[in-house]
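Read the structure below first, then the notes.
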Amino acid sequence: MTDLDDGVAVGPLLAELGQAVLTLTAGTDARLLGLPPGDLTVTIGVGPRLVRMVDPSLPGAADLPQFSREQIAPQARGGDLLIQICAGDALVVPIVAAALLDQAGDRVRERWRQSGRRGSNVPVDQSLTAPRNPLGFIDGIVGPHTTAQEQRDLWLAGPAPVAGGTIAVLRRMELDLPRFATLSVADQEAVFGRRRDTGIPLSGGTIASDPDLGAKTPDGRYLIPADAHLRRAHSSVVGVGLMLRRSYGIDEPAAGLLFISFQNDIRTFTNTLTRMDNGDALLPFTTTTASASFLILPGFDQQHPLGATLFH
Ligand code: HEM
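If you count the sequence shown from 1, position 63 lands on 63 in the numbering used here, and the numbers rise without skipping.
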């Protein structure tokens with residue numbers, strides 16, 4: 001996360017960063033020092049302050065509100081520019097970060113950075129895999145995974161300058177791993193509403209089955225408890241679309257999770273977290289220590305520079 005100095009021309013900066021992303025991902029940038037980029041991807045987003053400079057009514061223009069269980073230093077809230085660098089080869093990531101910061105030069109100041117990693121993938125269905133998170137549960141099962149769901153809930157359809165982009169929310173959470181580990185497996189499963197080993201909802205079926213939120217035990221208790229994360233965060237319970245969640249395990253500044261969600265309506269995130277704030281069994285194990293949202297810019301190529309639809 002970086003901030004822009006006052007008076008910096010945003011359009012040229014983004015165009016240059018986009019050009020550097022093209023040469024870095026193609027493996028032709030001397031700053032890679034000969035390392036193969038492999039599956040390197042770079043995702044660039046602009047923070048609410050910059051979006052508001054263009055048009056305060058655009059998606060991504062509003063700052064995230066505060067939520068419960070936050071201990072966020074001013075430095076770790078928000079920011080003007082998100083540069084998310086992902087690569088299978090962990091060595092590539094800091095080298096690409098250095099190259100992009102070098103490209104931006106003294107036009108930006110680094111605000112905060114966080115490295116994280118994903119666990120190995122577990123098959124969910126024929127076209128989807130998801131890793132376990134630091135609490136041992138398979139994470140990333142439910143989301144906009146079909147093209148129709150992506151069109152509906154992930155990509156911005158408009159207005160024209162942002163069409164094809166999306167909104168990203170980042171939340172760094174410290175997790176109380178020792179306390180979670182003292183729970184029995186059944187109690188851990190009740191926190192999420194899924195089986196820890198298989199990812200199957202506590203209402204049964206397969207890992208890919210929709211949870212049956214109405215299913216009860218013979219004595220009338222919900223199979224998926226009232227405060228289970230699965231129920232509190234379920235899109236139909238909250239009344240929002242699906243968010244694409246990609247979370248990363250972290251070990252500094254403390255053990256936890258870097259939560260990232262992508263959605264085409266910020267209310268998908270804010271309404272879900274508001275509902276979690278009012279009684280999700282998972283929340284007491286979390287303390288949020290960084291928070292930000294960004295408009296992820298639509299795709300670009302040599303002819304259509306990064307950010308050109310917004311910053312002329
Ligand atoms: C420590 C933090 C968190 C952890 C460890 C966590 C983990 C999980 C796990 C294991 C699942 C079930 C499997 C799956 O569908 O991927 C899940 C579901 C979900 N989580 Fe989280 N989550 C966290 C925070 C959040 C936050 C902050 C939000 C959004 C505000 C969120 C939104 C969701 C949603 C929408 C689902 C899908 C629910 C459904 O429809 O079944 N989670 N999460």
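For glycine and all other residues, C-beta sits at the position ideal for the given N, C-alpha and C. Every value quoted in this text rests on a predicted model; they were computed, and no experiment measured them.
query: For Pro144 and Leu242, which I take to be in contact (beta-carbon distance under 8 Å), what is that distance rounded to the nearest angstrom?; result: 4 Å
query: Go ahead and pull the three-state DSSP assignment for Met53.; result: helix
query: DSSP has Ala290 in a bridge; who is on the other side?; result: Arg172
query: For the candidate residues Val238, Gly220, Ala255, Leu22, whose alpha-carbon lies nearest to that of Arg179?; result: Ala255
query: With a floor of 3 residues, list each beta strand (DSSP E) that falls wholly inside the stretch 118-152, ordered by position along the chain.; result: 121-125, 128-131
query: Could I get the ranges of all uninterrupted beta strand (DSSP E) runs contained in the stretch 242-287, with 3 residues as the minimum, in chain order?; result: 244-250, 256-263
query: To which residues of the same chain is Leu40 closer than 6 Å at the C-beta, ignoring the five residues directly before and after it?; result: Thr25, Ala87, Val92
query: Taking all protein chains shown into account, do 16 or more other C-beta atoms lie within 10 angstroms of the C-beta of His304, making it buried, or fewer, making it exposed?; result: exposed
query: If you draw a straight line from the C-alpha of Glu110 to the C-alpha of Ala215, how long is it?; result: 49 Å
query: Starting from Glu110 and walking both ways along the beta strand (DSSP E), at which residues does that stretch end?; result: 108-110
query: Which partner residues of Asp3 appear in the DSSP bridge assignment?; result: Arg109
query: Quickly, what does DSSP pair Thr166 with across the bridge? List them, please.; result: Ile296
query: Which of helix, strand or coil does DSSP assign to Ile95?; result: helix
query: Taking only the alpha-carbon atoms, compute the straight-line gap between Ala76 and Glu252 and give it to the nearest angstrom.; result: 14 Å
query: Exposed or buried, Ser247, counting other C-beta atoms within 10 Å across all chains shown (16 or more means buried)?; result: buried
query: Give me, in chain order, the residues of the same chain whose beta-carbon lies closer than 7 Å to that of Pro36; leave out the 5 immediate sequence neighbours on both sides.; result: Gly27
query: Please determine whether the Cβ atom of Arg179 lies at a distance below 8 Å from any heavy atom of the ligand HEM.; result: no
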